[in-house]
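Student: Residue numbers (the working numbering): 1495 to 1685. Just so you know, even glycine gets a beta-carbon here, dropped at the ideal spot from N, CA and C. Got a structure here, written out as structure tokens. Questions coming.
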Amino acid sequence: MPSTSKASRFFNVVDQREFALCQSINRSLRFRPVQGYFKVVSRLGDGWLWYLVILSMPVLMPQTGLAIALLMVATGLTCTITYKLLKRWLIRERPFISFPSINCGTPPLDRYSFPSGHTLHAVCFNTVLAMTAPEMAWLLLPFTLSVAASRVVLGLHYPSDVAAGALIGGVLGLASVNGFYDLFIQIAAVA
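Right under this line is the structure:
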């Protein structure tokens, strides 16, 4: 348990330093169109848009789409395990829990804040697509950036949660394509 208390002490200091920025960004929820947009983006970032992308890849790209879809599924599972383990181990409370002046714009999917799972998945999938289907990655980049922004706007994450999620997601996406894309191409060829 000592690592948890060290993490808690570290996050308490970081939380105080990020509070003003979080509060400032979170104030944009006062504008209904901003709140509505980021709520929709957050909901789609729960997985719904990515499921649609994964299911459509074999149709959109008959040559390699199945391999890309399978790689995204496998990588997505790795992302989920990674962020759940980190959240359970590091235990950082969400901004709206630690600071009552920060409004929660939409209910969170889980309790803890670090890292942002939405951002981790979005950046990971966008990285996989950037390396395998760049035209799709460019098309989805605004959504990926909106997902990352939504986490702070909605009071669910600190900027450092989003940055960590982006870094971890990018690394997992790169590692996935570099390590397993050729294997999934072979698997898809047999299927």
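#1: Buried or exposed: which applies to ALA1642, given that a residue is buried once 16 or more other Cβ atoms fall within 10 Å of its Cβ?
#2: Let me know the secondary structure DSSP gives TYR1606 once reduced to three states.
#3: Does the Cβ of PHE1505 have 16 or more other Cβ atoms within 10 Å, making it buried, or fewer, making it exposed?
#4: What's the gap between the Cα of ALA1563 and the Cα of GLY1659?
#5: Using the DSSP secondary-structure output, state which residues sit across from GLU1587 in a beta bridge.
#6: Taking MET1625 as the reference, which of ARG1582, VAL1528 and TYR1675 has the closest Cα?
#7: For the candidate residues TYR1652, ARG1586 and SER1640, whose alpha-carbon lies nearest to that of ASP1540?
#8: Which whole-angstrom value describes the C-beta separation of TYR1606 and ILE1575, a residue pair presumed to lie in contact below a C-beta threshold of 8 Å?
Tutor: Let me spell this out:
#1: When all chains shown are included, ALA1642 counts as buried.
#2: In this structure, TYR1606 counts as strand in the three-state DSSP scheme.
#3: Counting of Cβ neighbours within 10 angstroms places PHE1505 among the buried residues, the total reaching 16 or more.
#4: Cα to Cα, ALA1563 sits roughly 21 Å from GLY1659.
#5: Beta-bridge pairing by DSSP links GLU1587 to TYR1606.
#6: If we check each option's Cα against that of MET1625, TYR1675 comes out closest.
#7: Looking at the Cα atoms, SER1640 is the closest of the given residues.
#8: So it is not a contact: roughly 15 Å between Cβ atoms.
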